[in-house]
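Going letter by letter, the sequence shown gives residues 0 to 479 in numbering that gives the first Met the number 0.
The structure appears right after this line, and notes come after that.
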Amino acid sequence: MSRFLSRLGPAARPSRRTVLATGLGGAAAATLVVGAAGPSEPSVSADALVARQVRDEFLHGWRGYVAKAWGHDEVRPVSGTRHDFFATGHTFGLSIVEALDTLYLMGEDAEVRRCCDWIEQHFDPAQDAGVQVFEAVIRLLGGLLAGHLATGRPALLSRARELADRLLPAFTRSPTGMPYTHVNLRTGAVHGAVATLAEIGSNAVEFGLLSRLTGDYRYYDASLRAYRAVLARRSALGLLGTSVHVESGRWVGCADITPNAPVDSFYEYLWAGGSLVGDRQLSSWYRQLTDAILRRQAVVTGGRLWFRSVDFRTGKPSGRNRAGELGAFYAGLLAKGGDLRQGAALFDSWTAVLDRYGVLPEVVDFTTLAAVDRSGQLRPEYANSAFDLWRVTGDERYKQCAYRYFTGMRSRQRVDGGYTVIRDVTAPVPAPEDLTPGYWFAENLKYLWLMFSATPRFDFGTGLLSTEGKVLAGLRQVWI
Ligand code: DMJ
């Protein structure tokens, strides 16, 4: 049986000095002055003003979802239509589940109650639908657990448990323990025998917490078995490939593309699982793999730190000098994991991309910073790393960067019906693509809110967020 030994160790709480007190430079300073309190308003700190802007924008997106897509997975804010995320013709109220703990942290308690009521009455974890296990775990299971921690409502925990029970066949029917990518929630039928590392490993945090809350260790043990199966297949260099056939156990994709998708959160959960669950095995694997990645994949080009893709058996570089925005989370992970210098350097690399485009493109060539995939997917990873680095260092610079990210998103991706992904971040007037991804409600503005609001509902020392931004430790039930 797995043991739960400790929680995330105490981290220094970043200073609460205001942004203005430290002297902002450039565009961020100018924007803040414009937004500062007028003569008739009571004196409010610059942080509080930013927090108010952040909450206003979150609620703008939320109202768009409520007005046009309530009860459905995602909203298309331009056309005012809906999108089924998991399976056509099925809804899990994804954006409701994603938004729940963000609304709680922002003090929107009436909305929290409305979301919980909807989940209790309508959320159906037994639909005859094949769902992607990875997405169901990080988005739905994580959201239900965070909602339970925020509100104490037992029904959210029982929905979480039923969902996890219906996802488990993906693990238990696999001969290696590495999960199939998809499972039918009603029948338990599995499919998808080639799984990426993110799909195999991004569950230890949710399953670990569920096991602790229920005393049922089948969930966490399934996570560990999957992790063990991957680690047993490490190369002599200590590196991992991209994807594995979960029945034969053979590698299918042999490039180690860390920190890019689709391996990204595999590494994140070795660290987060080790911290939340207190499992030293996970922490030790994290350390060993990270040492190998830093040794074999880190590369400095144009004075900036990036990570190159290599063959995991030989270490030979692939020559594809691509960095996906999804990999921007790695700056914060490196910092949390004890490699602050490298984490800060990688964050600076992504800040150079942000400075060039205003909104981060999906993929860049890291030797030139040219946008290779120009779409702007409303991704949260840069803000996530700003938050992590601020927590680790207390350095106000990370808040300034996060604010620049916020204003870029607000000026280019805001539409009347909410926020949307865009086709081309380099276009002077970007064409909207008409989707607010569910993760936008879970992540982007939560990181900003936590940095600027000083909310008493989050424990800045012990708090831990999942890869989907769900607060799975450190939520405080506080009346505000
Ligand atoms: C989120 O769903 C999660 O953060 C996931 O781990 C990868 N990134 C997306 C949002 O970009």
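Beta carbons are placed, not taken as given, at the ideal position from N, Cα and C, and that holds for glycine.
Does ligand 1 have even one heavy atom less than 7 Å from the beta-carbon of residue i?
i, result
"E467", "yes"
"P258", "no"
"P379", "yes"
"L492", "In this structure the chain extends from 0 to 479, so residue 492 is not present and cannot be described."
"D278", "no"
"Y266", "no"
"D372", "no"
"I479", "no"
"I421", "no"
"I137", "yes"
"Y438", "yes"
"D263", "yes"
Over what stretch of residues does the beta strand (DSSP E) that includes residue i continue unbroken?
i, result
"L471", "470-472"
"Q131", "129-131"
"H82", "80-82"
"L143", "That residue, L143, is in no beta strand (DSSP E); its alpha helix (DSSP H) goes 141-150."
"W478", "That residue, W478, is in no beta strand (DSSP E); it is neither H nor E in DSSP."
Assuming residue i is part of the alpha helix (DSSP H), what are its boundary residues?
i, result
"A330", "328-335"
"L162", "153-166"
"G301", "Neither: G301 is in no alpha helix (DSSP H) and is coded neither H nor E."
"V251", "That residue, V251, is in no alpha helix (DSSP H); its beta strand (DSSP E) goes 250-252."
"S282", "279-295"
"A430", "Where A430 is concerned, there is no enclosing alpha helix (DSSP H), given that its DSSP letter is neither H nor E."
"G437", "437-441"
"A271", "263-276"
"A98", "93-104"
Classify residue i: buried if its beta carbon has 16 or more other beta carbons within 10 angstroms, exposed otherwise.
i, result
"A453", "exposed"
"A35", "With a pLDDT of only 40 at A35, under the threshold of 50, the placement of this residue in the model should not be trusted, and no figure is reported."
"D338", "buried"
"S348", "buried"
"R165", "buried"
"T180", "buried"
"I479", "exposed"
"K315", "exposed"
"G25", "Residue placement at G25 is flagged as unreliable, the pLDDT there being 29, under the threshold of 50; the coordinate-derived value follows with that caveat. Burial call: exposed."
"R54", "buried"
"D263", "buried"
"Q476", "exposed"
"G214", "exposed"
"Q376", "buried"
"Q341", "buried"
"Q120", "exposed"
"A125", "exposed"
"L171", "Looking at the sequence shown, residue 171 is not Leu but Thr. By the neighbour-count rule (16 or more Cβ atoms within 10 Å), T171 is not buried but exposed."
"C115", "buried"
"L471", "buried"
Please name the residue or residues paired with residue i in a DSSP beta bridge.
i, result
"H483", "Outside the shown range of the chain (0 to 479) lies residue 483, about which nothing can therefore be said."
"E73", "H82"
"T257", "Answer is none; T257 lacks a bridge partner."
"F57", "Its beta-bridge partners do not exist; DSSP assigns none."
"D310", "A254"
"V49", "According to DSSP, V49 bridges with nothing at all."
"V414", "G417"
"W305", "V298"
"F457", "L474"
"L464", "V470"
Would you say residue i faces chain E, with C-beta separation under 8 Å as the test?
i, result
"H89", "Protein chain content of the structure displayed is limited to a single chain, and chain E is not contained in it."
**Message:** Restricting to runs no shorter than 3 residues, where is the beta strand (DSSP E) found entirely within the segment 171-246?
**Reply:** Counting only runs of 3 or more, we get 181-183, 193-195, 242-244.
**3 or more residues per run - each beta strand (DSSP E) lying fully within the segment 313-385** = Within the segment 313-385, the complete beta strand (DSSP E) segments at least 3 residues long are 321-323, 362-364, 369-372, listed from N- to C-terminus.
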